[in-house]
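Report on one structure; see the data block that follows.
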Amino acid sequence: MEAVVSLAKRRGFVFQSSEIYGGLNGFFDYGPLGVELKKNIRDCWWNDMVRRREDVVGLESSIIMHPKVWEASGHVAGFSDPLVDCKVSKQRYRADQLFFAAVVVDGKTIGYVSALESEKTVEDLQAAAEALKRKKAVQGALAPVAAKDMTEAQPDEIALIPSPATGEPGSLTPPRAFNMMFETYVGPMRDSSAVAYLRPETAQGMFVDFKNVVDTGRVKLPFGIAQIGKSFRNEITPRNFIFRSREFEQMEMEYFIHEDADWAKCHQEWIEWCRQWLITVGLPESHLSLYAHPKEKLAFYSKGTVDIMFKYPFGVQELWGIAARGNYDLNQHAQASGKPQELFDEATKKKFVPHVIEPAVGVDRIFLAILCAGYAEEDVTDEKGNTEKRTVLRLSPRVAPVKVAVLPLIKNKEQLVGRARELYAKLKRRYAVFYDDSGNIGKRYRRQDEIGTPWCVTIDFDTIEKPGDTFTLRERDSMAQRRITEAELFALLEEQVY
Ligand code: ATP
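The sequence shown begins at 74 in my numbering and counts up one residue at a time.
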């Protein structure tokens with residue numbers, strides 16, 4: 074993870090926001106390469122989800138909506154995470170990310186230990202338990218720790234659990250609900266009547282505009298409304314780089330189906346669609362898994378939620394949530410606005426409120442997954458037998474920020490440079506390409522490897538001296554080289570960059 078974060082900074086993918094002022098926790102900027110990678114992720118999703126389908130249309134709703142939207146959706150009352158305070162250090166923790174365990178020796182509890190969620194939470198707790206046993210000089214057999222999170226702590230246990238900040242018990246508060254919506258004021262008044270919220274999800278835009286789309290969009294069930302845009306959540310503990318931030322971007326789609334449709338089948342189809350899509354942008358299938366939320370943890374209206382999980386370096390975590398939400402949201406808005414959100418069924422001559430399947434994913438989480446899966450350091454041996462390390466980002470050509478680097482073999486040979494410039498200008502009209510004439514060719518290849526450029530083309534003496542006008546095409550992953558014509562290069566790009 075450290076290597077990925079360091080590369081992201083070094084090569085201009087991601088910067089800390091407001092870095093010269095010390096940064097602002099939970100906010101990030103995307104640099105010149107990051108912005109290209111992010112745009113490619115968005116474009117691939119939009120093309121595949123909206124343009125290449127006949128049953129999904131797009132939408133861009135405003136970030137600040139009428140506050141009643143968020144009352145009706147349940148966010149004002151219930152969009153919260155459980156928060157635990159440490160009264161001594163003033164640190165705050167998400168209760169479901171703060172773990173504790175009783176330290177049991179020969180069947181007797183001698184104290185408690187705590188640890189923040191990580192890929193080795195249980196090991197951390199076990200080590201802390203052993204340390205506590207030593208500190209208290211208790212003899213006997215230490216039982217393996219049974220980790221629980223703070224939402225499971227009994228009232229009499231809370232005072233005994235040490236704060237991760239101080240290591241001492243007695244300062245943690247019981248968990249309480251913390252609403253994650255960012256509040257602001259609309260207009261010149263700063264009173265309660267002017268309170269509005271930055272949206273915590275883009276989905277409500279699709280529900281609120283449902284009727285507008287139906288009345289204007291020539292859509293027929295089943296159909297989807299998709300949106301890409303920023304969302305804001307005042308996360309208690311933003312962490313793991315861009316995985317959990319306070320300002321992030323979502324790509325969400327609401328797929329409306331008849332109330333009598335086979336929702337479970339539709340749900341399954343969307344889960345598989347999303348999984349396959351992730352593979353097309355370069356995520357290895359081996360890193361993806363599915364997690365079905367247990368029935369008892371679902372919201373009362375939810376019929377089922379399955380998350381596509383990704384194996385990040387810090388653990389297997391949610392990447393994409395696919396929820397079957399029934400017709401809860403449309404009903405809520407119908408009730409709160411007094412405007413029915415129904416469709417007319419020609420067959421039964423009855424009105425009904427459609428149900429919905431919602432695939433919701435974060436662009437930033439895909440971005441991070443792509444960087445983590447693509448990052449590799451490997452030993453390579455050159456023709457002279459020298460071994461060196463190369464850092465390579467194995468990005469899919471679909472999302473790579475630069476598709477091709479155009480490299481004249483040397484920069485002071487007019488004919489070479491002329492041909493290279495001509496090719497560069499042509500490629501640039503369609504693709505993100507990079508022109509580089511500085512340094513030896515090996516170094517230039519390495520620079521491109523590190524930012525994930527799938528191909529380099531070198532304009533060399535054979536290009537100008539031999540018939541055929543061919544270039545050296547060098548592939549990032551295999552490092553293999555072959556000769557290619559301009560037409561073949563365009564054909565390759567046409568096939569791989571879509
Ligand atoms: P988590 O349990 O990780 O907080 P969630 O279940 O609340 O996520 P959803 O409300 O289902 O997330 O949001 C849909 C998607 O938006 C998530 O699958 C994730 O990809 C993305 N997302 C949610 N919160 C964040 C965040 N704070 N930073 C980056 N991406 C996020």
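Beta carbons are placed, not taken as given, at the ideal position from N, Cα and C, and that holds for glycine. Here the structure is a predicted model, which means the values were calculated and not measured.
Set against 7 Å, the gap from the CB of G399 to the closest heavy atom of the ligand ATP is not smaller. Within the model, the alpha-carbon separation for K303 versus S551 is close to 37 Å. W393 has its CB nearer than 7 Å to a heavy atom of the ligand ATP.
Its Cα nearest to that of G260, the residue A269 stands out among K163, A269, Q199. Within 7 Å of the C-beta of F321 there is at least one heavy atom belonging to the ligand ATP. Nearest C-alpha to F296 among P273, I315, L110, V129: V129.
L416 and P427 do touch by the CB rule: their CB atoms are close to 6 Å apart, below 8 Å.
Beta-carbon to beta-carbon, F173 and E190 are separated by about 11 Å, too far to satisfy the 8 Å threshold. The alpha helix (DSSP H) runs lying completely inside the stretch 114-197 and spanning 4 residues or more are 140-145, 148-151, given in chain order. Contact between the stretch 204-223 and the stretch 174-184 is present: 3 or more CB-CB pairs across the two stretches fall below 8 Å. Fully contained in the stretch 471-549 are the following beta strand (DSSP E) runs of length 3 or more, in chain order: 477-481, 506-508, 528-532, 543-548. In this structure, the C-beta of E308 approaches the ligand ATP to less than 7 Å from one of its heavy atoms. Under the DSSP definition of a beta bridge, L106 lacks any partner. Q488 is a Cβ neighbour of I537, given a cutoff of 8 Å. E567 sits in a helix when the DSSP states are folded into three classes. Annotation: the stretch 249-282 contains the following complete segments of the beta strand (DSSP E) (minimum length 3 residues), in chain order: 249-252, 255-258, 268-271.
With contacts defined by Cβ atoms closer than 8 Å, I524 and V354 do not form a contacting pair. Remark: C-beta atoms of V87 and I443 do not approach each other more closely than 8 Å. In the DSSP assignment, P432 is bridged to I395. Of the candidates M382, K516, E308, I330, the residue whose Cα lies closest to the Cα of K462 is K516.
Here DSSP, grouped into helix, strand and coil, assigns D288 to helix.
In the structure shown, Q227 adopts coil according to DSSP, grouped into three states.
In the DSSP assignment, the residues bridged to Y364 are D380.
When M253, E308, E325 are compared, the shortest CA-CA separation from Q277 is found for E325. L562 and A81 have their C-alpha atoms some 29 Å from each other. Of K412, Q414, D402, C339, the smallest CA-CA separation from V379 is found for C339.
In the DSSP annotation of this structure, the continuous segment of the alpha helix (DSSP H) that includes I344 starts and ends at 336-353. Here Q227 is exposed, its C-beta having fewer than 16 other C-beta atoms within 10 Å. Taking P474 as reference, the option from E456, V453, A505 with the minimal CA-CA separation is A505. When C-alpha distances from I439 are compared across M262, E451, E391, the shortest belongs to E391.
Distance from the CA of V186 to the CA of L156, rounded to the nearest whole angstrom, comes to 19 Å.
In this structure, L566 and I557 do not form a Cβ contact; the two beta carbons are roughly 11 Å apart against a cut-off of 8 Å. When secondary structure is reduced to three states using DSSP, R463 falls in the strand class. Between the ligand ATP and S318, a heavy atom-to-CB distance of less than 7 Å is present. One thing to note: I301 has its Cβ no nearer than 8 Å to the Cβ of I344. Rounded to the nearest angstrom, the Cβ distance from P527 to C445 is 18 Å, too far for a contact under 8 Å.
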